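If you're matching them up, the sequences are chains A and B in order. Per our numbering, the first sequence starts with residue 28, numbered consecutively. Per our numbering, the second sequence starts with residue -10, numbered consecutively. Cβ atoms here follow ideal geometry from the backbone N, Cα and C, with glycine treated the same way. Everything numeric in this text was worked out from a predicted model, so none of it was measured.
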Amino acid sequence: TTRTPEFLGLDKTEGLVPASGTETDVVVGVLDTGVWPERSSFNDAGFGPVPAGWKGACEQGTNFSTAACNRKLIGARFFCKGYEASMGPVDETKESRSPRDDDGHGTHTSSTAAGSAVPSASLLGYAAGNARGMAVRARLAVYKVCWGGGCFSSDILAAMERAVDDGCHVLSLSLGGGMSDYYRDSVAIGAFTAMEKGVLVSCSAGNAGPSSNTLSNVAPWITTVGAGTLDRDFPAYVSLGNRKNYSGVSLYSGKPLPDSPLPFVYAGNVSNSTNGNLCMPGTLIPSLVAGKLVLCDRGINARVQKGYVVREAGGAGMILANTAANGEELVADAHLLPATGVGEKAASSIRSYMQSDPNPTATIVFSGTKVNIQPSPVVAAFSSRGPNSITPEILKPDLIAPGVNILAGWTGAVGPTGLTVDPRRVEFNIISGTSMSCPHVSGLAALLKGAHPDWSPAAIKSALMTTAYDVYSGGDGILDIATGKPASPFDYGAGHVDPPRALDPGLVYDLTVEDYLDFLCALNYTALQIASLSKRSDFKCSGERTYAVSGFNYPSFSVAFTTASGSSTATTTVTHVRTVTNVGPVGTYKVSVMTSEGDGGAVKVVVDPSELDFKTVGEKRSYKVTFTAGSMPSGSVGFGRLEWTDGKHVVASPMAFTWT
Amino acid sequence: TNMIKKTYIIHMAKSQMPNTFVEHQHWYEASLTSISSSAEMLYTYDTVIHGFSARLSPAEAKALEETPGVLAVLPETRYELH
């Protein structure tokens, strides 16, 4: 990727990551659509021999030979038995029955996580710079589990099994499958054993935002990653005949529009279809579109396809209008014709102009790439949101990372739009999604694993979470682009990832397999359910113990208050217990607690003890947090943040309160 | 409808494998063939779960659930890229 290394401060981590050795022995496994191994991002210059313990393989198949792997890309396998059993044989005229990526998604995610450095990367001149993965010296292994018709759980389980057996240290899965209990969710099941074997599993949170309760991959042994923006934009302004200008974004690169404004029409008015406003294939009337700019509404079909539909009808350009569903979120696309996307407010003003002027005109001015855009990051509208519908007592997502307009490696099989009619071929593409934020965190986890080989997956996740930030440098809270207002921990979890600080977190909230089993007991899972999830068919929750999620050593707090019916003055007290492990210098940490105004302010938070003294590395100290709240209407929510600091390190945990 | 085969993931209690079997894969195969001679096994798993995936009719899946050593028979789910 370009820009994200600087945005994340990776240039400041050089002194924190051991200069030689360790990171190069960390292997990131990416379960996705495969890989295009000829891309420069998989160049192995400067890499030593493949780690001695590596058991992976480079599997041969359609358009893919064992020679495709090297000292960077050390493994490539494909899994299609489940897919073929359900969907029939892989259509080899359309996709390769091999690890080769004919889609682009897998090449993008794998190069984001651990791609080699590539100078002068860009998409058609946009986002130019030196591209690199987050863990630039880590090794990569790809496991193709997604095919044209989807990703099937029998294949995903098989791939996770092989990835763990092969010797991967981090697994990256930018996919999801709705919401189900952990013992029914193959990714959660596979991730449990991976965690048990010391493998960190990072998954995308989903793109079902900004609605609440839309998260995927919420098991507590998974790192769940939402998406935020970078400080980079690709402005393309709409200039109307009334001399008003509106900001949009575009990655169009081609013949520019004429200098003089063009006639401007609304797709809904130049169509013979009831949903003509969406610019669906075959819905525009060419005689009414030819040579004109067309305003299309976002939704239903792909954004880039709308541009193609306009072009096929003879249109000169397209303005893609967000609706309420997308708000002000602008996602840049490498359209096939001059086009730009505008936010809902701009779209509304543009529509008003079109209705008021009998002969509306417009043009688009493309302005290339701009950086240092503020505020950034902001939470992407599409990023799935909490609360966690499976276990409300575990706050999810865990954190956010860059996932909007991310440049990374691309397949040679399709163009940057992914449309079959797009003849262009590019080495890099710019796309958006929590699929893009997940491999950022996977790569950063590999970076931490390289710097701290003895840390458990839970310790690495804790370091990433407790050092994440939730305010801008000026002190204002991270914004949500869906509302334009400050976001909450239900949107960003612990906050935005901050790798330099994550490498030196001071304290971590560690967890063992036994802790996770206790967690399952706290959920009242049956012995059969625990056995399915953990492979422990002889494990039974003790009848002598009281299990509680509030005692689960998670790096964040989610407190559910139950309001006593019929009483407006009743207070409820909930107590959580946590244990922190010192992974930094000896010292004394002091606690501070902030609760948000509004409903969060109704909660009294007491931490005991308020100071923790560490005399050795590895020392553990426990503390108790008592949350007391008065009665609130059901559905109320509040937030806060608990921080331990020794003056140098800040170990922060978000708090979320709900009332039912 | 009861004849249409779908993929299921079958979780097994490996510790309950009868002594007559040496390899757990053989036990899985025997469990599968005990309920159907035509059921097709896709993968066997030993690291992330103990069990296998197979194409089964709903009736076969139900029968397999009753087989000794079977912990769960879960229908396959489709995941999507994010």
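Any C-beta of chain B under 9 Å from that of residue i
i, result
"A:Leu184", "yes"
"A:Phe219", "yes"
"A:Asp212", "yes"
"A:Glu188", "yes"
"A:Asn580", "no"
"A:Ala140", "no"
"A:Lys372", "no"
"A:Ser489", "no"
"A:Asn456", "no"
"A:Lys423", "no"
"A:Lys108", "yes"
"A:Asp192", "yes"
Heavy atom of the ligand HEM within 8 Å of residue i beta-carbon
i, result
"A:Ser410", "Among the components modelled here there is no ligand, and therefore nothing to report on the ligand HEM."
Residue i burial status per 10 Å Cβ neighbour count (16 or more: buried)
i, result
"A:Ala79", "exposed"
"A:His523", "buried"
"A:Phe566", "exposed"
"A:Glu571", "exposed"
"A:Thr553", "exposed"
"A:Asp518", "buried"
"B:Thr9", "exposed"
"A:Gln332", "buried"
"A:Asp635", "exposed"
"B:Gln14", "exposed"
"A:Thr653", "exposed"
"A:Met492", "buried"
"A:Gly131", "buried"
Three-way DSSP call (helix, strand, coil) for residue i in this model
i, result
"B:Glu29", "strand"
"A:Ile216", "helix"
"A:Leu538", "coil"
"A:Ile557", "helix"
"A:Tyr552", "coil"
"B:Leu70", "strand"
"A:Gly75", "coil"
"A:Ile417", "coil"
"A:Leu446", "coil"
"A:Asp545", "helix"
"A:Met621", "strand"
"A:Phe69", "helix"
"A:Tyr574", "coil"
"A:Gly152", "coil"
"A:Leu322", "strand"
"A:Asn90", "coil"
"B:Glu54", "helix"
"A:Val145", "strand"
"A:His603", "strand"
"A:Pro466", "helix"
Chain A contact for residue i (CB, 9 Å cutoff)
i, result
"B:Leu21", "no"
"B:Gln5", "yes"
"B:His71", "yes"
"B:Thr56", "no"
"B:Ser42", "yes"
"B:Glu12", "no"
"B:Leu63", "yes"
"B:Tyr34", "yes"
"B:Thr(-4)", "yes"
"B:Tyr17", "no"
"B:Thr66", "yes"
Per DSSP, cross-strand counterpart(s) of residue i
i, result
"A:Asn272", "A:Ser266"
"B:His0", "B:Gly40, B:Ala61"
"A:Val398", "A:Arg259"
"B:Leu45", "B:Lys(-5)"
"A:Pro636", "BP columns for A:Pro636 are empty, so no partner."
"A:Ser585", "A:Ala683"
"A:Pro513", "A:Leu506"
"A:Phe641", "A:Gly614"
"A:Lys99", "DSSP lists no partner for A:Lys99."
Give a yes or no on contact between the segment 628 to 639 of chain A and the segment 573 to 582 of chain A, applying the rule of three or more CB pairs nearer than 8 Å.
no
Cβ contact (3+ pairs, closer than 8 Å) linking the segment 248 to 263 of chain A and the segment 427 to 438 of chain A
With contact defined as three or more Cβ pairs closer than 8 Å, the segment 248 to 263 of chain A and the segment 427 to 438 of chain A are in contact.
Stretch-stretch touch, CB-based, cutoff 8 Å, three pairs: the segment 454 to 472 of chain A with the segment 313 to 326 of chain A:
no
Below 8 Å, can you find three or more Cβ-Cβ pairs linking the segment 205 to 225 of chain A to the segment 96 to 107 of chain A?
no
Can at least three beta-carbon pairs, one atom from the segment 86 to 95 of chain A and one from the segment 115 to 126 of chain A, be found at a separation below 8 Å?
yes
Does the segment 481 to 501 of chain A come close enough to the segment 522 to 540 of chain A to have 3 or more Cβ pairs within less than 8 Å?
yes
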